[in-house]
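Quick note on numbering: the numbering used here labels position 51 of the sequence shown as 40, and the sequence is numbered without any gaps.
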Amino acid sequence: MVEKFTFGIIGSGSWGTALAKILTDNKNKINWWIRNETSIKHLQSRHNNPQYLSSVFFDTSLLQPTTNVSDVIKNSDCIIIAVPSAYAVNT
């Protein structure tokens, strides 16, 4: 059996939420950077993203949501950046 990657998703808008759903439906583990703790608590208790694609429900046993982007990066095999370019900060 092929070992699954652990994916890291940076961003929890509609694009990040859709990618998280596709990946968890395929039994991949996700480290997911979500900007605020309130959304994380909602996701953990109600199994959906309250702001984007709220009709989509997750198997939360496959999700590790966090507000710490460094944790997502260091604990993932593959990183997906799903932040709109308008919100990306110049470095």
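We put the CB at the ideal spot given by N, CA and C, even for glycine. Only a predicted model underlies this, so the values are computations on that prediction, with no experimental measurement involved.
Should residue i be labelled buried (16 or more other beta-carbon atoms within 10 Å of its own) or exposed?
{"i": "alanine 75", "result": "exposed"}
{"i": "phenylalanine 46", "result": "exposed"}
{"i": "threonine 27", "result": "exposed"}
{"i": "isoleucine 70", "result": "exposed"}
{"i": "serine 59", "result": "exposed"}
{"i": "isoleucine 11", "result": "exposed"}
For residue i and residue j, what's the separation of their Cα atoms in angstroms?
{"i": "isoleucine 29", "j": "isoleucine 23", "result": "7 Å"}
{"i": "histidine 36", "j": "asparagine 25", "result": "16 Å"}
{"i": "tryptophan 21", "j": "phenylalanine -4", "result": "8 Å"}
{"i": "valine 61", "j": "leucine 52", "result": "11 Å"}
Using CA coordinates, which residue listed in the options is at the minimum distance from residue i?
{"i": "lysine -7", "options": "Ala71, Pro73, Val72 and Cys67", "result": "Cys67"}
Does DSSP put residue i in a helix, in a strand, or in coil?
{"i": "isoleucine 23", "result": "coil"}
{"i": "glutamine 53", "result": "strand"}
{"i": "glycine 2", "result": "coil"}
{"i": "lysine 30", "result": "helix"}
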